[in-house]
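Participant: Numbered per this note's numbering, the sequence shown spans residues 917 to 1128.
Even for Gly, the Cβ is constructed at its ideal location relative to N, Cα and C.
Here the structure is a predicted model, which means the values were calculated and not measured.
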Amino acid sequence: MNIKVSASILSSDLSQIGTETARADAAGADWIHFDVMDGHFVENISYGAPVQKTLSKRYFVDTHLMVSHPHTQIGLFADSGSDMISFHIESESDADHTVNKIHRAGLMAGIALKPSTPAESVFPYMEKIEMILVMTVEPGYGGQGFLNYTLPKIREIRKRAEEVNPNLMIEVDGGITGETAPLVKKAGADVLVSGSYLFEAKDMYRAVQSLK
917 MNIKVSASIL SSDLSQIGTE TARADAAGAD WIHFDVMDGH FVENISYGAP VQKTLSKRYF
977 VDTHLMVSHP HTQIGLFADS GSDMISFHIE SESDADHTVN KIHRAGLMAG IALKPSTPAE
1037 SVFPYMEKIE MILVMTVEPG YGGQGFLNYT LPKIREIRKR AEEVNPNLMI EVDGGITGET
1097 APLVKKAGAD VLVSGSYLFE AKDMYRAVQS LK
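#1: Is the Cβ-Cβ distance between isoleucine 1048 and isoleucine 1018 less than 8 angstroms?
#2: Across which residues does DSSP place isoleucine 948 in a beta bridge pair?
#3: Should aspartate 1010 and valine 977 be called a contact, given that it needs their Cβ atoms to be closer than 8 angstroms?
#4: Whole angstroms are fine: how far does the CA of valine 1088 sit from the CA of threonine 1066?
#5: In the DSSP assignment, what residue or residues form a beta bridge with glycine 1026?
#6: From the DSSP output, in three-state form, read off serine 996 for me.
#7: According to DSSP, which residues form a beta bridge with leucine 1084?
#8: For serine 1112, does the three-state DSSP call read helix, strand or coil?
#9: Out of curiosity, what's the CA-to-CA distance linking asparagine 1083 and isoleucine 990?
#10: For valine 1053, does the three-state DSSP call read helix, strand or coil?
#11: Could you tell me if leucine 1013 is buried or exposed, where buried requires 16 or more neighbouring beta carbons within 10 angstroms of its beta carbon?
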């Protein structure tokens, strides 16, 4: 399995976002994970498209929209350098419409699930999208502990994907460290989002490699 590491800049020094992103890239991170929070879908507020636009175009930008109406944001983030846009199945936007809008913008589409949302909620869309993002912590804040009860859901999604869309990527986000990475990989995840574990590491290269 080809494991990708997506470095979550929410956990970086945001006053040095360009430097921090370059540091993650140099350490071997495959993607840059950009969390967008609106203060409504989740309590926290992060940053928006103008900040994402400052990132170098050489990075693969993995945008995670934790917003109530993601369909209204697709154009903004497409124009700001997104390569992949994931939105929440629990949001107020129609999932089919939002996926189509992402694809029309020429981007890959992902659907995200909160920890308590059942796997079955994304089954109708699995043949239409490139990735499912399983939250392994409650969305909205970085640095939380991994929720072990999400592992069966990852396994269930991987099993279903093998039947209907073998190329579907499964991304996990929340509490991913050198200790939890083997658990999610064994369950079927192949894209691992990590923030604090990477950006607070004394040797980020070794931290990235420990996830692969």
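Facilitator: A quick look at the data gives this:
#1: no
#2: Ala923 and Val977
#3: no
#4: 10 angstroms
#5: Ser1002 and Met1047
#6: coil
#7: DSSP lists no partner for leucine 1084.
#8: helix
#9: 23 angstroms
#10: coil
#11: According to the sequence shown, residue 1013 is histidine rather than leucine. The residue is exposed, with fewer than 16 neighbouring Cβ atoms inside 10 Å.
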